Amino acid sequence: MSAPGKRPHMLPEEFEAVARIAAREAEGLRLEFIDGRLSVKARHDGSRGRVVQWLTRGFLESRPELFLHAWKGLRVQADLACRATADGVLAPSGAFAGEGEWGDPEPVLMVAEVTSYDCETDRRSRVDKPRVYAETGIPIYLLVDRNTCEVSVYSEPNGRRYECARTVPFGKDVPLPDPVGITLRTEPLKDWVR
């Protein structure tokens, strides 16, 4: 229990101020704020960026009315008090026009994360992110896991977790259910792992 008059966690507004300063001081530095914890999102290596480009191209070809907004910050969890930066956010092309760094999750159809090669990947990409995105009600969470060479698709959020999860190895086609409704051909992903 915290002492009287003391807050146990940073407020979202305080986090946003810290994140703005950090981004200004260190190019490419992105902070996240999940469950009252401040964390650093790993910088993008060339192959991780290439996976995001590949996803962007695939969605533009299959669903031209949508856009994969790269490295977009979202207000997440049921109370929208947390902040997460997704590697890709699939939403209508104009969904975030006029918004700042942290967008409203309402128009989001899917979030995509590409694992980095850091010690926080397991907790952040495989545990925290699927939970907070499901709590937010985002229909699909796509995880491109370069550590295991697999793609996981989480769907049917129930407010606590995703009820459906499907994992396939790189090279196997993976359907993305509605509201996305396309099939990803994952063979190229084999070229962007260590």
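With positions in the sequence shown counted from 1, the corresponding number in my numbering is that position plus 287.
Where is the CB? At the ideal position from N, CA and C, for every residue including glycine.
It should be emphasised that the depicted structure is a prediction, and the values quoted were computed from it without experimental measurement.
Integer-rounded CB distance, given that residue j should sit under 8 angstroms from residue i
i    : j    : result
G345 : E388 : At roughly 26 angstroms, the Cβ-Cβ gap does not stay under 8 angstroms, so G345 and E388 are not in contact.
L463 : V431 : Their Cβ separation, rounded to whole angstroms, is 12 angstroms, which puts L463 and V431 out of contact at 8 angstroms.
V339 : A357 : 5 angstroms
A378 : P394 : 5 angstroms
S412 : T402 : 5 angstroms
A399 : L429 : 4 angstroms
V440 : I425 : Not a contact, Cβ separation roughly 13 angstroms.
Residue i versus the options, residue with shortest Cα-Cα distance
i    : options                : result
G375 : F354, G315, V363, I321 : F354
G390 : V401, Y404, A368       : A368
P417 : E450, S380, S403, N434 : E450
E301 : C436, G381, R472, R324 : R324
M397 : R307, R481, V419, V480 : V419
R335 : E312, L347, G385, D405 : D405
A452 : A313, V438, G424, D460 : V438
E407 : A384, I425, N434       : N434
C327 : A371, Y428, I427, F383 : Correcting the residue type first, residue 327 is Val in the shown sequence and not Cys. The shortest Cα separation from V327 among A371, Y428, I427, F383 belongs to A371.
L322 : G468, E352, R410       : One point to set straight first is that residue 322 is Asp, not Leu, in the sequence displayed. Of G468, E352, R410, the residue nearest in Cα terms is R410.
V455 : R447, C436, N445       : C436
P392 : A384, V414, S380, V363 : V363
R350 : H296, R481, G468       : G468
Buried/exposed call for residue i, threshold 16 Cβ in 10 Å
i    : result
L298 : exposed
E319 : buried
A365 : exposed
S289 : Low confidence applies here, because S289 scores a pLDDT of 43, under 50, leaving its location unreliable; read the following figure in that light. Label assigned to S289: exposed.
D478 : exposed
E386 : exposed
T473 : buried
E312 : exposed
V414 : exposed
A306 : buried
Closer than 8 angstroms to chain B by CB, residue i
i    : result
P462 : Judged by its chain identifiers, the structure shown contains no chain B, having just a single protein chain.
Mind pulling the alpha helix (DSSP H) runs of 4 or more residues that sit fully within the segment 356-440? 416-423
Contiguous beta strand (DSSP E) assignments of at least 3 residues, all confined to the segment 293-357: 317-321, 324-328
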